[in-house]
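In the numbering used here, the protein residues as written are 60 to 366.
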């Protein structure tokens with residue numbers, strides 16, 4: 060209806076839900092204007108397949124609709140470099156129409172980072188499938204033993220899920236030998252979550268099953284004066300995101316490496332206090348990503364035939 064009454068320069072769809080792209084494709088074709096397809100998550104990908112619809116038929120249909128939309132689009136936007144690379148491999152003849160525009164970090168004011176004597180290792184979020192904290196707890200336990208630390212010197216705090224795999228986090232912490240150092244805060248409002256992150260000396264990202272996506276929490280983490288311990292496999296979108304940065308990217312099963320990172324930053328904390336935020340330069344800012352998208356849209360509409 061709107062397209063009948065108003066002349067638009069292009070039609071932009073964002074998904075999931077990804078069938079929004081098919082609707083936008085049809086509207087753009089009907090009115091002879093460019094179609095821009097923005098995928099905030101992968102579409103035709105086994106890792107991203109909704110569990111309730113997991114089947115070969117779902118993947119077949121997703122592949123059919125994705126290909127139809129990608130081939131009709133003037134521009135296809137992925138939200139991670141890994142997702143863009145996957146699209147380029149799947150559609151090598153269309154490689155020049157893919158770009159990456161990440162979610163990016165907000166610029167709203169943050170709570171003050173209060174000074175403290177305790178080295179706080181923090182995680183905020185939901186422990187869905189793949190985010191097993193077991194190796195993290197074991198690595199921290201090795202660091203505690205090696206440095207002979209007390210709960211007054213180091214703590215491990217989670218906010219959000221209070222269990223993983225039907226086992227309370229307090230029990231998992233006890234099994235790793237860090238129960239005296241561990242606190243589970245449960246789910247809290249966003250304002251309290253930001254205050255929680257502001258207290259941390261080290262922020263932890265746990266692994267996830269979707270290799271082509273980046274946890275949104277990371278764009279919060281980079282804003283705080285804290286070290287980042289990122290647990291992920293090589294080649295994932297998260298691994299690629301932090302390539303060349305000061306973040307510590309460690310394999311999820313490398314307990315010894317986790318312990319080494321914790322020990323190194325514990326000593327740095329005692330010596331110099333907390334670090335500058337990873338996004339101090341603004342390279343992760345949402346406005347930087349938005350500018351990239353708007354420039355691409357300008358190019359698409361500039362070459363579109365005028366009616």
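Here a beta-carbon is modelled for each residue, glycine too, at the ideal position from N, C-alpha and C.
Are the beta-carbon atoms belonging to residue 287 and residue 313 less than 8 Å from one another?
no
Taking contact to mean at least 3 C-beta pairs separated by less than 8 Å, is the segment 235-242 in contact with the segment 146-166?
no
So, with DSSP's three-state summary, where would you put residue 362?
helix
For residue 208, does the count of other Cβ atoms within 10 angstroms reach 16, so buried, or fall short, so exposed?
buried
For residue 304, which option in 322, 337 and 332 has the closest C-alpha, if you only look at C-alpha atoms?
337
Give me the residue from 259, 218 and 222 with the minimum Cα distance to residue 248.
218
Does the structure place the segment 265-283 close enough to the segment 102-121 that three or more beta carbon pairs sit under 8 Å?
yes
Between the CA atoms of residue 180 and residue 346 - distance to the nearest angstrom:
29 Å
Can you find a CB in chain B that lies within less than 8 Å of the CB of residue 203?
Any reference to chain B falls outside this structure, which holds one protein chain only.
Among 216, 227 and 79, which one has its Cα closest to the Cα of residue 259?
216
With a 10 Å radius around its C-beta and 16 neighbouring C-beta atoms as the bar for buried, classify residue 151 as buried or exposed.
exposed
Exposed unless 16 or more other CB atoms sit within 10 angstroms - verdict on residue 174
exposed
Between the Cα of residue 280 and the Cα atoms of 320, 67, 156 and 301, which residue gives the shortest distance?
301
Could you have a look at residue 185 and say whether DSSP puts it in helix, strand or coil?
coil
Does the distance from the C-beta atom of residue 133 to that of residue 289 stay below 8 Å?
no
Nearest residue (CA-CA) to residue 169, options 89, 353, 88 and 256:
256
If you reduce the DSSP assignment to three classes, tell me which class residue 67 lands in.
coil
Residue 315: first and last residue of the uninterrupted alpha helix (DSSP H) it sits in
314-331
Looking at the secondary structure, which residues open and close the alpha helix (DSSP H) in which residue 198 lies?
193-206
List the DSSP bridge partners of residue 227.
222
Might you give, ordered along the chain, the residues of its own chain that have their beta carbon closer than 8 Å to the beta carbon of residue 372, omitting 5 neighbours on each side?
What is shown of the chain runs 60 to 366, which leaves residue 372 out entirely.
Does residue 222 pass the burial test, meaning 16 or more other C-beta atoms within 10 Å, or should it be called exposed?
exposed
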